[in-house]
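Novice: Residue numbers (our numbering), protein chains in the order written: chain A, 1 to 479; chain B, 1 to 479. A virtual CB, placed ideally from N, CA and C, is assigned to each residue, including glycine. Please read through the structure below; I'll follow up with questions.
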């Protein structure tokens, strides 16, 4: 046994979180609803381990080196690390099991990922990703199905106001090509700057596309060094909007050059628009937004992200796009992929803010409470009867000195258990039992220390019934 | 893009496993059934991170040092490690959140744990634990409820033959005390030897309790060096059986000395027996077994494990017991605990062996298949109609050259999708659709490469119906 002197202080790592029932219960509910939608659209689950070889995560050219990894060594002294996303392991599995995972293959996955970043509010070093990906189809109608899934999730979660913003990396490439911006580094830099439009405003974007600027803290932000006419053209491009997807398409058609890249990009957007119509996705719920850039390098075609117009502060709660070259890190065979990731923590925070999360501190529905000298086995019998009838039932079994009524009821209050089934010596003798709706008259019961005081307190929501009608009496409180 | 020369070989770490849909689907089903039982008995979920401070895992006296940990450093250069079980983090949380997790508290948890052991068949370095624990009650009726949960799980999984073996660490302590075996090291050694009874047989146990022996490989196994009369007494003890829990109790009562330890041990077993009766657990499903020792040091009271008499090769598929001193590593306050852990991998292997696992390679129920020049959007429309009616529906959207009928049907075969909804140009023109039960006549369809051959092949289980009755036609195949 540990003595005072050599006790370990209970504490959690910086940037990590423990999840308690009040956080976990709505989370589990949302996960299971989303999982149902994924299966509804023909996706199957896959699971990979938390640890991978370092070179799998970094890629052959060290593409993943910008990720802050938790690195360690295997017992065989190989370099390994905790995965930083679920997409690289998925690409690894598609390459590793060609006979079992024949394309086109639709998979979903949920699990923790780790990043050794600087933690901040709502920014953790371990967080959950919940992804779908389709491997082995170059058809952008699949991207439209993924957008339909994003919408189906919001419908399932009873959120009426949502919008998927859609663009195509190829549209931006066609524009940049037309502007003579051909170096990959410069292209990436432009994408990063465009991505900041909503955050920093047009004037700052103009400076960052040109000579650069100094931010609020006095730090210099280097610019892309583009000429004013090119900057104008980019800013005209990102300002393109329309009342419908068709209208945005028309405007893009007249804005973009007559190049093969532009032609292909517009064709893809047309197919997505037609597919979204076939899938019955309204103009309100899916918009073409030419300003959507999404920083990630590996997107090669359509990109999309979902925003909540009534909770814009949460940013994008789901996002994804087409990436046609990731599996090729592992296998000499083209394997076009598209997918999206649910930002579970952000989504839950947004749902909470919108009042769409059913708060529950416990799955328990009934606490069996005893008064006076009732044998423990009576508690067990009552609880088992309730459980057999389908009620989540907890027994309160503590040492004798903690078995006062007050302790038991404050336990129910603390964990917000909605119903108590109460049995005392008298009830036991008469073959009766009391059923109390604890959601009623909560205040009246506070600070009750003994049985007499309890009896004198308001008996709001309490009935005493024959033991034979216990189940139907409890049933009424849950309908 | 990766070129041939700098591709990374797709591979998984030694001792780790990827889980594919055929493994994951029954696993998820079993997990969700067990979770329902845990909630039914009043347990709430908790989740802790994968990484903990090293001293939390090792304990103040380095108690956990015998565990092979995956160790690493935090970005702040602290010593951290991947958790090796879910019980230590639970104890840490009980100590860390006294205001929120007020005892008695019942929690369940599921998640991966890691051990850097030598891997072997069915023995992985990352595996899933699925635990329940009750903190803050010294009452052994709670242990009986946990035994009832173990039984309820098997009933839920439709396994008729199961048995929970029950003992009490205090019974063995009373015996050892009576035999004059008082040093903790010697006591642990005796427990370890008793635990091997079923595996190595009585004669070898006799040798290991005495002078030691040489095993099959020629390695010496040191003995406990007990005297023959003491060994006899221990062997008489472990041989105690009875037709009922009461009978075993009677025999233990006359066998054990009249010491306070023995008295307390027997009283606890009596309470458990009475509680099991109140919980309606039969003699077949819960037996007292004095030979059950369970090696783990930290058990302090009742111990229990579930075996499957019709699949004994899997050993114990769930096991647990009372441990009253773990939380005290972190907090100067007694916090008696009891709990049990489901060995998910073993349980699934046993269920599979008993034919109790419903094999499914995919959650998808329907594949939409096209013949000839049917626009993609027709596929999407049909799929969406089926999804809205509640069917898990996949579309097959590949590049044009992979859209032959044969590719589509072999996709359905490969992933064992049970039903195809087929639409061709003719059906489309006539407002019709074909529905095919793929579970029928599977062989006849193999190696079909084109539409004509398909038409000539047996149309077992296929009907062509008006588009308006599609849903009811599919419905009939799933009832």
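Please check the pair residue 76 (chain B) and residue 14 (chain A), which I expect to be a contact at CB under 8 Å, by giving their CB distance rounded to whole angstroms.
Specialist: So it is a contact: roughly 7 Å between Cβ atoms.
Novice: When you compare the CB of residue 377 (chain A) with every CB in chain B, is at least one pair closer than 9 Å?
Specialist: It does: the Cβ of residue 377 (chain A) has a partner Cβ on chain B nearer than 9 Å.
Novice: Cβ atoms of residue 33 (chain A) and residue 156 (chain A): under 9 Å apart, would you say?
Specialist: The answer is yes: Cβ separation under 9 Å.
Novice: For residue 364 (chain A) and chain B, any beta-carbon pair shorter than 9 Å?
Specialist: Yes, contact with chain B.
Novice: Give me the DSSP bridge partner(s) of residue 318 (chain B).
Specialist: Residue 318 (chain B) is bridged to B:306, B:342.
Novice: Would you be able to state if there are at least three C-beta pairs under 8 Å between the stretch 196-209 of chain A and the stretch 223-238 of chain A?
Specialist: Output reads yes: the stretch 196-209 of chain A touches the stretch 223-238 of chain A.
Novice: Below 7 Å on C-beta distance, what does residue 480 (chain A) contact in chain B?
Specialist: Nothing about residue 480 (chain A) can be reported from this structure: the residues present for chain A run from 1 to 479 only.
Novice: By DSSP's criteria, residue 52 (chain B) is part of a beta bridge. Which residues make up the other side?
Specialist: Its beta-bridge partners are B:81.
Novice: Residue 212 (chain B) lies in the beta strand (DSSP E); which residues open and close that run?
Specialist: Here the beta strand (DSSP E) through residue 212 (chain B) covers 212-214.
Novice: Does DSSP put residue 87 (chain B) in a helix, in a strand, or in coil?
Specialist: Looking at residue 87 (chain B) - three-state DSSP - the assignment turns out to be helix.
Novice: What residues from chain B crowd round residue 92 (chain A), counting only those whose CB sits closer than 7 Å?
Specialist: Residues of chain B passing the Cβ test: 10.
Novice: Considering only the alpha carbon of each residue, which of B:313, B:175, B:232, B:463 lies closest to residue 260 (chain B)?
Specialist: That would be B:175, whose Cα lies nearest to the Cα of residue 260 (chain B).
Novice: Here's the rule: buried if 16 or more other CB atoms are within 10 angstroms of the residue's CB, otherwise exposed. What is residue 408 (chain A)?
Specialist: It is buried - the Cβ of residue 408 (chain A) has at least 16 other Cβ atoms within 10 Å.
Novice: Take the Cβ of residue 38 (chain A) as the centre, count every other Cβ of all protein chains shown within 10 Å, and call the residue buried at 16 or more, exposed below.
Specialist: Buried, by the Cβ-count rule.
Novice: Suppose only complete runs of 3+ residues qualify. What are the beta strand (DSSP E) ranges in the stretch 94-120 of chain B, listed by chain order?
Specialist: With a minimum length of 3 residues, the continuous beta strand (DSSP E) runs that stay inside the stretch 94-120 of chain B are 105-114.
Novice: Looking at C-alpha atoms only, which residue of A:79, A:328, A:246, A:83 is the closest neighbour of residue 290 (chain A)?
Specialist: Here the closest residue by C-alpha is A:246.
Novice: Would residue 414 (chain A) pass as an interface residue toward chain B - the criterion being a Cβ-Cβ separation below 9 Å?
Specialist: Answer yes: the Cβ-Cβ gap between residue 414 (chain A) and chain B drops below 9 Å somewhere.
Novice: Strictly below 8 Å CB to CB, what residues from chain A border residue 422 (chain B)?
Specialist: Those within 8 Å of residue 422 (chain B) in chain A number zero; the least Cβ separation is about 16 Å.
Novice: At the 9 Å Cβ level, is residue 61 (chain B) part of the contact set with chain A, yes or no?
Specialist: Residue 61 (chain B) counts as touching chain A.
Novice: Just grab the DSSP bridge partners of residue 221 (chain B) for me.
Specialist: In DSSP, residue 221 (chain B) forms a bridge with B:213.
Novice: Considering Cα atoms alone, identify which of B:126, B:254, B:312 is closest to residue 16 (chain B).
Specialist: That would be B:126, whose Cα lies nearest to the Cα of residue 16 (chain B).
Novice: What span of residues does the beta strand (DSSP E) with residue 371 (chain B) cover, start to end?
Specialist: Here the beta strand (DSSP E) through residue 371 (chain B) covers 366-371.
Novice: Would you say residue 70 (chain A) reaches chain B, if we count a Cβ-Cβ gap shorter than 9 Å as a contact?
Specialist: Output row for residue 70 (chain A): interface = yes.
Novice: Leaving out five residues on either side along the sequence, give the residues of the same chain with a beta carbon under 7 Å from the beta carbon of residue 237 (chain B).
Specialist: Closer than 7 Å at Cβ, skipping near neighbours: 175, 255, 290.
Novice: Using a Cβ-Cβ distance cut-off of 9 Å, determine whether residue 102 (chain A) contacts chain B.
Specialist: It does: the Cβ of residue 102 (chain A) has a partner Cβ on chain B nearer than 9 Å.
Novice: Since residue 16 (chain B) is in the alpha helix (DSSP H), which residue starts that stretch and which ends it?
Specialist: Unbroken run through residue 16 (chain B): none, as it is neither H nor E.
Novice: Helix, strand or coil for residue 383 (chain A), going by three-state DSSP, please let me know.
Specialist: Residue 383 (chain A): helix per DSSP, three-state reduction.
Novice: Using the three-state DSSP reduction, which class does residue 434 (chain A) fall into: helix, strand or coil?
Specialist: Three-state DSSP puts residue 434 (chain A) in a strand.
Novice: I'd like to know if residue 463 (chain A) contacts chain B, where contact means its C-beta is closer than 9 Å to some C-beta of that chain.
Specialist: Output row for residue 463 (chain A): interface = no.
Novice: Measuring alpha carbon to alpha carbon, tell me which residue in B:347, B:405, B:302, B:402 is nearest residue 270 (chain B).
Specialist: Taking only the C-alpha atoms, the option nearest residue 270 (chain B) is B:302.
Novice: If you follow the beta strand (DSSP E) that residue 151 (chain A) is in, where does it begin and where does it stop?
Specialist: Run containing residue 151 (chain A): none in the beta strand (DSSP E); it sits in the alpha helix (DSSP H), 141-156.
Novice: Using only the alpha-carbon positions, how far apart do residue 273 (chain A) and residue 398 (chain B) sit?
Specialist: Distance between the alpha carbons of residue 273 (chain A) and residue 398 (chain B) is about 18 Å.
Novice: For residue 313 (chain A) and residue 30 (chain A), what's the separation of their Cα atoms in angstroms?
Specialist: In a straight line, the C-alpha of residue 313 (chain A) is about 20 Å away from that of residue 30 (chain A).
Novice: Looking only at its own chain, which residues have a Cβ that is under 8 Å from the Cβ of residue 80 (chain A), when we skip the five neighbours before and after it?
Specialist: So the list reads 51, 52, 53, 54, 71, 72, 73, 74, once near-sequence residues are dropped.
Novice: Any beta carbon of chain A sitting closer than 9 Å to that of residue 82 (chain B)?
Specialist: Answer yes: the Cβ-Cβ gap between residue 82 (chain B) and chain A drops below 9 Å somewhere.
Novice: Give me the subset of the stretch 104-125 of chain A whose CB atoms are less than 7 Å from a CB atom of chain B, sorted by chain position.
Specialist: Correct list: 104, 106, 112, 116.
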